[in-house]
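In the working numbering, each number is its position in the sequence shown, counted from 1, plus 14. Glycine is no exception: its CB is placed at the ideal position from the N, C-alpha and C atoms. Structure record follows, encoded as structure tokens.
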Amino acid sequence: MNDSRRPFGATEPDPIDDNEDRMGSMETLDFDEEDPARIGDLIPEDELQHEIPDQRVREAGLTGASTDDHHSTDDDLSPETLIREDGARSPNEQGEDDPADLDLTVVDEDDIGGGNGLDEEEMAILDPLDGNTQR
């Protein structure tokens, strides 16, 4: 049996959507807001001196222990460079040379991670906050 709702012998209708309708309208992308530069173009010498000074070029790739004063450089990705410990809560805030985490809690090794006891889900099943154990 044929489930088609068209009368027998009727012509096939044109599809409602064609490929262009499915994809949506297409426009060419234009990224030329300024004069485009090509790969391999050089930065002018005066701009290069301003953007990347000689000291930064010499220290590029060195870790904190590799420099003469044993401090990290601007290009160093060590935790000491990335995470400041001066008490500032944001990069825009001035720190006070105190650590940000003064309130620490001393816990037993069993309290770290899953431990030997029940996790939050298991505790919630046994002793839910609303007291209703019938779920």
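With contacts defined by Cβ atoms closer than 9 Å, Leu140 and Leu132 form a contacting pair.
In the DSSP assignment, Ile139 falls within the unbroken alpha helix (DSSP H) covering 134–140.
In this structure Gly109 is in contact with Asp100, their Cβ atoms being roughly 3 Å apart against a cut-off of 8 Å. Per DSSP, Gln148 lies in no alpha helix (DSSP H) segment and is marked neither H nor E.
Boundaries of the alpha helix (DSSP H) around Asp60: 59–65. Look at Arg19 here: in three-state DSSP terms it is coil, with no helix or strand label. Within the model, the alpha-carbon separation for Arg19 versus Thr147 is close to 55 Å.
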